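Chains Z and W supply the protein sequences, listed in that same order. Position one of the first sequence corresponds to residue 41 (this note's numbering), numbered consecutively onward. Position one of the second sequence corresponds to residue 41 (this note's numbering), numbered consecutively onward. For every residue, glycine included, the Cβ atom is placed at its ideal position computed from N, Cα and C. Since the model is a prediction, treat every value here as computed from it, not as a measurement. A short write-up of the structure that comes next.
There are 2 protein chains.
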Amino acid sequence: MKIVRTVSELRGIVRQARTNGSALIGLVPTMGALHDGHLSLVHAARRDCGFVIMSIFVNPKQFTEAADLEGYPRQEAADTALADAAGVDVVFAPDASELYPDGFATTVHVTGPLTQTLEAAGRGPEHFDGVATVVSKLLIAAGADAAFFGQKDAQQVLVVRRMVADLGIPTDIVACPTVRDSDGLAKSSRNVRLSGADRAQAVAIPRALEAVEAALALGETGTDALHSRATTVLTAAGITPEYVAFVDARTLLPATDIAEPVLCAIAARVGSVRLIDNTLLTLPDTIEEN
Amino acid sequence: MKIVRTVSELRGIVRQARTNGSALIGLVPTMGALHDGHLSLVHAARRDCGFVIMSIFVNPKQFTEAADLEGYPRQEAADTALADAAGVDVVFAPDASELYPDGFATTVHVTGPLTQTLEAAGRGPEHFDGVATVVSKLLIAAGADAAFFGQKDAQQVLVVRRMVADLGIPTDIVACPTVRDSDGLAKSSRNVRLSGADRAQAVAIPRALEAVEAALALGETGTDALHSRATTVLTAAGITPEYVAFVDARTLLPATDIAEPVLCAIAARVGSVRLIDNTLLTLPDTIEEN
């Protein structure tokens with residue numbers, strides 16, 4: 041497995057890979073601190089593509105809290121070993137100055153509800169500008185046929201899909217299921233910053249989503265009632281959520297019932313760590329379109 | 041010569057052109073109403089590239105005046121004949137709904153002085169968002185090795201170069217010299233909207249640029265003095281310019297003398313038509329870096 045630091049090296053390697061055959065090129069964009077969620081993206085990429093790139097870049101433009109950026113776990117040696125073992129062909133790990141050299145002045149901005157709700161409130165509207173900008177750069181640099189993202193960041197997936205469709209970037213955006221620990225907590229690089237007590241509290245987030253799913257399975261389709269189920273579970277665990285939202289799974293506009301697929305998304309701070317999770321709610325006879 | 045309406049058709053043709061040989065692909069982006077300025081871009085593209093695409097698209101997003109968009113000359117049959125005769129291989133002439141379908145929500149925005157001065161004042165800051173967004177889409181769609189722009193739109197060239205560098209779009213941006221009529225007026229699709237009297241007045245714009253160049257050749261390097269030379273010529277012709285600006289040719293920041301290459305740019309309304317023109321000012325021993 042190769043590790044490259046510059047866009048031009050990456051381009052050369054991709055050109056070579058294409059010359060060596062007609063293999064599809066897959067990209068798994070990450071901020072490092074790899075966990076099983078990331079590795080599941082690599083497995084999906086390996087399944088679909090003949091050549092797999094993983095980018096590792098803690099993108100300063102998508103952090104709106106200096107402490108979060110500073111505290112974000114960085115462990116490149118461990119990450120590259122994990123990537124190698126998972127079958128990644130090349131890791132692209134640029135310095136910030138490679139992607140944002142002096143004089144950098146361009147922002148890719150997605151307007152509308154996709155970037156105005158959920159995480160935009162908690163993390164600031166600049167968050168998704170940072171995401172859209174860096175992902176457009178990574179996709180253009182890699183020239184990948186497909187890129188793999190975790191459904192845990194459901195809003196990010198929608199923003200990236202919108203940006204890719206709008207700019208006509210010829211990369212399929214593949215969303216992969218959220219990977220969970222045995223206690224149900226969604227895998228996240230930030231989980232390492234949870235204390236033991238935080239961790240015990242944090243599992244109320246997946247429990248709340250399960251409570252919503254269970255109520256829906258019993259026929260409760262009103263989002264007000266489902267909202268109560270979730271907040272009851274969270275409150276009982278001592279969590280005051282930043283949001284418990286029921287939104288149309290494609291537009292992120294508020295949903296009053298589960299006629300169309302609805303994303304139930306939760307954000308909450310546990311200890312010093314801000315966690316997010318979500319589940320897709322569909323009626324039993326509704327075909328998932330996500 | 042082929043005419044295609046969709047990005048996917050264009051991609052197919054470019055893929056075929058690449059398969060047929062290693063010819064470089066050139067793109068000449070236009071809004072139609074072709075004149076000798078556009079055709080000089082095609083000649084430059086033909087010189088550098090084995091396969092030449094011309095896009096013809098009156099981009100609504102870069103117009104900030106409804107009347108200007110509505111009145112913009114449209115003459116596709118004449119344009120495609122001119123393109124064919126000039127050696128264009130394929131014209132890409134999409135409908136607005138192809139480039140901006142329902143739900144389109146992405147803007148490519150270049151921040152800083154490049155988009156805050158000169159045309160930004162007259163046309164609104166959205167103008168260059170429209171330019172950067174459509175050009176990024178055209179470059180990504182065409183996958184061109186080089187794209188050719190007229191130096192008459194000097195600020196546009198700088199904004200596009202910045203955007204292309206920042207997003208890492210692998211296309212060389214080539215700026216070609218302004219083409220002028222025999223009376224000196226820069227070729228522009230909007231010139232057809234000038235009356236005979238307007239036209240006689242409008243030539244004061246290139247005369248003003250020539251007066252600046254002549255004064256510089258005689259050793260006047262202060263931009264205040266050069267500014268006076270230009271406004272004297274314009275005022276004598278009854279033109280009140282929107283701006284006569286002397287700005288660093290790379291940053292567009294105000295310049296007080298011609299130590300570094302300076303762009304002298306003029307915008308003025310003549311009759312109902314807004315005209316722009318510019319010239320690059322360098323000291324005799326300064327190497328042009330534009």
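| said: Quick check: the Cα distance between M178 of chain Z and R202 of chain Z, rounded to an integer number of angstroms? | reply: First, the amino acid is wrong: residue 178 of chain Z is Leu here, not Met. Taking the straight line from one Cα to the other gives about 16 Å.
| task | List the endpoints of the continuous alpha helix (DSSP H) containing A57 of chain W. | result | Annotation for A57 of chain W: the continuous alpha helix (DSSP H) segment containing it runs 47-59.
| said: Would A248 of chain Z pass as an interface residue toward chain W - the criterion being a Cβ-Cβ separation below 8 Å? | reply: no
| query | So which of Z:T280, Z:A295, Z:D238, Z:G278 has the shortest CA-CA distance to T261 of chain Z? | reply | Between T261 of chain Z and the set Z:T280, Z:A295, Z:D238, Z:G278, the nearest pair of CA atoms involves Z:A295.
| How do the region 276-283 of chain Z and the region 132-143 of chain Z stand: do at least 3 beta-carbon pairs fall below 8 Å, yes or no? | no
| said: Tell me the rounded alpha-carbon separation between T326 of chain Z and V302 of chain Z. | reply: In this prediction, T326 of chain Z has a pLDDT of 48, which is less than 50 and means its spatial position is unreliable; what the coordinates show is noted afterwards. Whole-angstrom Cα-Cα distance: 11 Å.
| said: For S268 of chain Z, would you say it is in contact with chain B, using Cβ-to-Cβ distances shorter than 8 Å as the test? | reply: As a matter of chain content, chain B is missing from the structure shown, whose protein chains are Z and W.
| task | Assuming A194 of chain W contacts Y283 of chain W (C-beta within less than 8 Å), just tell me the rounded distance between them. | result | Taking a contact as a CB-CB distance under 8 Å, the pair A194 of chain W and Y283 of chain W does not count as one, their CB atoms being some 13 Å apart.
| task | Using beta-carbon positions only, say whether L122 of chain Z and L74 of chain Z come within less than 8 Å of one another. | result | yes
| Would DSSP call D169 of chain Z helix, strand or coil? | helix
| query | Buried or exposed: N318 of chain W, going by 16 or more other Cβ atoms within 10 Å of its Cβ? | reply | buried
| query | Where does the unbroken beta strand (DSSP E) through S95 of chain W begin, and where does it stop? | reply | 91-96
| How would you list, in chain order, the residues of chain Z whose beta-carbon sits under 7 Å from the beta-carbon of R45 of chain W? | Identification of chain Z residues near R45 of chain W by a Cβ-Cβ cut-off of 7 Å yields none; the smallest Cβ-Cβ distance measures about 14 Å.
| query | What does N318 of chain W pair with, by DSSP beta-bridge criteria? | reply | W:A305
| Nearest-angstrom Cα separation, counted from A117 of chain W out to R86 of chain Z | 49 Å
| said: Could you check whether the Cβ of V150 of chain Z sits closer than 8 Å to any Cβ belonging to chain W? | reply: V150 of chain Z counts as touching chain W.
| message | By the three-class DSSP mapping on this structure, what secondary structure does K42 of chain W have? | response | strand
| request: Identify every run of the beta strand (DSSP E) within the region 225-293 of chain Z, keeping only runs that are complete inside it and at least 3 residues long; order them along the chain. | output: 283-288
| said: As a quick exercise: from Z:N231, Z:E300, Z:L207, pick the residue whose alpha carbon is nearest that of G111 of chain Z. | reply: Z:N231
| said: In chain order, what are the residue ranges of uninterrupted alpha helix (DSSP H) at least 4 long that sit wholly in the region 65-129 of chain W? | reply: 76-88, 106-111, 116-126
| task | Have a look at W:V171, W:S137, W:A242 and flag the residue whose alpha-carbon is nearest the alpha-carbon of H149 of chain W. | result | W:V171
| request: Can you give me the start and stop residues for the alpha helix (DSSP H) that V197 of chain W sits inside? | output: Run containing V197 of chain W: 194-207, per the alpha helix (DSSP H) assignment.
| Got a sec, what are the start and stop residues for the alpha helix (DSSP H) G190 of chain Z sits in? | Careful: G190 of chain Z lies outside any alpha helix (DSSP H), inside the beta strand (DSSP E) at 186-190.
| Hey, would you say T218 of chain W sits closer than 8 Å to R163 of chain W, going by beta carbons? | no
| message | Quick check on this structure: which residue in W:L50, W:T151, W:L320 has the alpha carbon closest to the alpha carbon of E253 of chain W? | response | W:L320
| query | Under a Cβ-count criterion, where at least 16 other Cβ atoms within 10 Å of its own Cβ denotes burial, should G183 of chain Z be classed as buried or exposed? | reply | buried
| field | Contact belief for I209 of chain Z with I180 of chain W at Cβ below 8 Å, rounded distance in angstroms | value | 6 Å
| Between F144 of chain W and chain Z, is there a C-beta pair that is closer than 8 Å? | yes
| task | Measuring alpha carbon to alpha carbon, tell me which of Z:V47, Z:Q56, Z:I43, Z:D88 ends up nearest V214 of chain Z. | result | Looking only at Z:V47, Z:Q56, Z:I43, Z:D88, the smallest Cα-Cα distance to V214 of chain Z is reached by Z:D88.
| message | Using the Cβ count rule (16 or more neighbours within 10 Å means buried), how would you classify S137 of chain Z? | response | Flag for S137 of chain Z reads exposed.
| task | Pick helix, strand or coil for T211 of chain W, following the three-state DSSP scheme. | result | coil
| From what residue to what residue does the beta strand (DSSP E) around T147 of chain W run? | Run containing T147 of chain W: 146-150, per the beta strand (DSSP E) assignment.
| said: Three or more C-beta pairs under 8 Å: does that hold for the region 90-100 of chain Z against the region 57-68 of chain Z? | reply: yes
| query | DSSP state of V131 of chain Z, grouped into three classes? | reply | strand
| Buried versus exposed call for N330 of chain Z [16 or more other C-beta atoms within 10 Å across all chains shown] | Any answer about N330 of chain Z is weak, because its pLDDT of 46 lies below 50 and its placement is not dependable; what the coordinates show is given next. Answer is exposed; the Cβ neighbour count stays below 16.
| Segment limits, alpha helix (DSSP H) that includes R163 of chain W | 159-163
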